Amino acid sequence: MPEIYDAIIVGARCAGSPTAALLARKGYRVLVVDRATFPSDTVSTHVVQPLAVAALARWGLIDRLTATGCPPIHTYTFDFGPFTISGSPGTRDVPVAYCPRRTILDKLLVDAAAEAGAEIREGFTVDEVLIEHGRVAGIKGRSKGAATITERARVVVGADGRHSLVADAVRPEQYNEKPPLLAPYYTYWSNLPMDGRFETYIRPHRGFAAAPTHDGLTMTVAGWPYPEFEANKKDVEANFLKLFDLAPEFADRMRGAKREAPIAGVPVSNFFRKPFGPGWVLVGDAGYNKDPITAQGISDAFRGAEKCAIALDQIFSGGRSFDEAMAEYQRTRDEAALPMYEFTCQLATLEPPPLQMQQLLGAILGSQKAMDGFAQMNAGTISPAEFGAIAAAHAAS
Ligand SMILES: Cc1cc2nc3c(=O)[nH]c(=O)nc-3n(C[C@H](O)[C@H](O)[C@H](O)COP(=O)(O)OP(=O)(O)OC[C@H]3O[C@@H](n4cnc5c(N)ncnc54)[C@H](O)[C@@H]3O)c2cc1C
């Protein structure tokens, strides 16, 4: 059977649409399918870290984002109770983060893929991955109310999130697995101005954060350790709302605020999956998932999309074998992600920071450069090791 497409991408959000756009811009024939239609929301908060903002800028999309009225975030604060660390999360070139609603961000990404020449099929559910002679050859799926159809491609890209159907079909090796660690929940408030700050409050076995988003609203996200998930599930709202009292000044600010949305949230497990095999590739959460406490998923999805598109271009153009290009995709993904993954999983336990980190935090108070380094590490702009070096240099000075 002839292959109509170079790539079929299942999933059109943070991983799928950028992968599609980058491939389509190179002239490849790309089909993107998603059972969702756009604009639509998904269960996720949406801090877009400076390195992800840099990716949007590379793709020519940053002006479109700012035109939606999304406020920039220039400062991250970390309130540990006895002291607060406050710093700039970005770089000189990309100094800010944003917190755009997924209804807006994801639609912008889908539209960019369509403009680049990818064929987008919204409201199309993939029911089955087509496997022939031991390799993935396409998908079987349907639009609402329509008959099941088959589409074929040289490669099927699973950008279909952490419960990936593509991964289920090909059963890749899973490694560095950790169970759910945190139960996170979020909602939106009016009349809670943030003035460009993403504020995080860290208390024993509890944490919450607030960031400004579209429409003059502020998103608050809060969580408790996963072992309390079942017990607290009985009254998420009361457990969520009482968390803010742990920071009385913030609770005071909330008294004039009005909640504008229900509380949403979901705990997630942590894993890496081998992201390739005969005829298939995984990108975004489908290939690597972690707790949202450090808000890295969108950055990782964007970085993965760029790496995946480069590897597929090398393969399609005949420059490299599939296995060679994809092995590098996996290696560079893991190298870039692993230190932040370990840091994220440690934070998500909501245990007090390890002694070494506590000493570092005490040592950097008062040094703006080192506090910027702490904000940058939490944003994923620099690695934990790079922050360690900045803090050590400060301590030695
Ligand atoms: C509570 C929570 C808070 C978070 N907060 C942040 C944050 O602040 N910042 C951040 O960077 N990240 C955050 N994340 C992580 C972030 O949501 C993900 O990393 C990101 O959405 C990954 O994008 P993706 O494209 O890989 O997958 P997804 O966004 O999950 O998209 C997958 C798409 O695939 C489609 N799909 C799935 N199966 C099929 C099928 N069979 N047929 C057709 N379509 C299908 C779905 O409809 C969906 O549109 C959070 C996650 C959670 C759970």
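Its first residue numbered 14, the sequence shown is counted upward by one per residue in this note's numbering. Even for Gly, the Cβ is constructed at its ideal location relative to N, Cα and C. All figures in this text were calculated on a predicted structure; none of them were measured in a lab.
- [ ] Could you tell me the boundaries of the alpha helix (DSSP H) in which alanine 9 lies?
- [x] Residue numbering for the chain in the displayed model covers 14 to 410; residue 9 lies beyond these limits and cannot be assessed.
TODO: Could you give the DSSP three-state label for arginine 114: helix, strand or coil?
DONE: Taking the first residue of the sequence shown as position 1, residue 114 is located at position 101. Three-state DSSP puts arginine 114 in coil, outside helix and strand.
Task: Proximity to alanine 28 [Cα-Cα], best of Ala383, Val46 and Gly73 - done: Here residue 28 is taken as the residue at index 15 of the sequence shown, counted from 1. It is Val46.
Task: Cβ pair cysteine 112, valine 179 closer than 8 Å - done: Reading the sequence shown from its first residue, position 99 is the one you call residue 112. Reading the sequence shown from its first residue, position 166 is the one you call residue 179. For cysteine 112 and valine 179, no; Cβs fall outside 8 Å.
Open item on the list: In whole angstroms, give me the CA-to-CA distance for alanine 156 and aspartate 140.
Closed with: Here the question's residue 156 lines up with position 143 in the sequence shown. Here the question's residue 140 lines up with position 127 in the sequence shown. The sequence given here has serine at residue 156, not alanine. The C-alpha of aspartate 140 is placed about 11 Å away from the C-alpha of serine 156.
TODO: Write down every uninterrupted run of the alpha helix (DSSP H) in the region 197 to 261 whose length is 4 residues or greater and which is fully enclosed by it, in chain order.
DONE: Runs of the alpha helix (DSSP H) inside the region 197 to 261: 242 to 246 and 249 to 256.
- [ ] Kindly give me the distance between the Cβ atoms of alanine 235 and leucine 205, rounded to whole angstroms, as I take these residues to be in contact under 8 Å.
- [x] Here residue 235 is taken as the residue at index 222 of the sequence shown, counted from 1. Here residue 205 is taken as the residue at index 192 of the sequence shown, counted from 1. No, alanine 235 and leucine 205 are not in contact; Cβ-Cβ is about 14 Å, not under 8 Å.
Open item on the list: Is it the case that the region 311 to 331 contacts the region 213 to 232, given that we only count it when at least three CB pairs across the two stretches are under 8 Å?
Closed with: no
Task: proline 102, buried or exposed, once every other Cβ within 10 Å from all chains shown has been counted against 16 - done: Numbered from its first residue, the sequence shown carries residue 102 at position 89. Counting every other CB atom within 10 Å of its CB across the protein chains shown gives proline 102 a total of 16 or more, marking it as buried.
- [ ] Can you give me the Cβ contacts of phenylalanine 91 inside the same chain, cut-off strictly under 6 Å, excluding the 5 residues immediately before and after it?
- [x] Residue mapping note: residue 91 aligns to position 78 of the sequence shown, counting from 1. If we look at phenylalanine 91 and ignore the five residues flanking it on each side, its Cβ neighbours are Ile98 and Thr213.
Open item on the list: Using a Cβ-Cβ cutoff of less than 7 Å, which residues in the same chain neighbour phenylalanine 96 once the five nearest sequence positions on both sides are dropped?
Closed with: Here residue 96 refers to the residue found at position 83 when the sequence shown is read from its first residue. Answer for phenylalanine 96: Leu378, listed in chain order.
Open item on the list: Below 7 Å, is the gap between the Cβ of serine 156 and the nearest heavy atom of ligand 1?
Closed with: Taking the first residue of the sequence shown as position 1, residue 156 is located at position 143. Because no heavy atom of ligand 1 lies under 7 Å away, the Cβ of serine 156 does not count as near it: no.
- [ ] With hydrogens ignored, establish whether the beta-carbon of valine 139 is closer than 7 Å to any heavy atom of ligand 1.
- [x] Taking the first residue of the sequence shown as 1, we reach residue 139 at position 126. The answer is yes for valine 139.
Task: Per-residue DSSP class, three states only, for arginine 333 - done: Along the sequence shown, one-based indexing puts residue 333 at 320. Correct three-state label for arginine 333: coil.
TODO: Examine ligand 1 and report whether any of its heavy atoms sits within less than 7 Å of the Cβ of glutamine 389.
DONE: For the purposes of this step, residue 389 is taken as residue 376 along the sequence shown, with counting starting at 1. Not under cutoff, so the answer is no.
Open item on the list: Could you tell me the alpha carbon to alpha carbon distance between serine 312 and proline 305, rounded to whole angstroms?
Closed with: As a first step, residue 312 is located in the sequence shown; it is residue number 299 there, counting from the start. As a first step, residue 305 is located in the sequence shown; it is residue number 292 there, counting from the start. If you draw a straight line from the Cα of serine 312 to the Cα of proline 305, it comes to about 12 Å.
Task: Among Val149, Arg175, Asp173 and His176, nearest to threonine 163 - alpha-carbon criterion - done: If you number the sequence shown from 1, residue 163 lands on position 150. Checking every option, the nearest Cα to that of threonine 163 belongs to Val149.
Task: Enclosing beta strand (DSSP E) for glutamine 187 [first to last residue] - done: Taking the sequence shown and counting its residues from 1, the one referred to as residue 187 is at position 174. Run containing glutamine 187: 187 to 191, per the beta strand (DSSP E) assignment.
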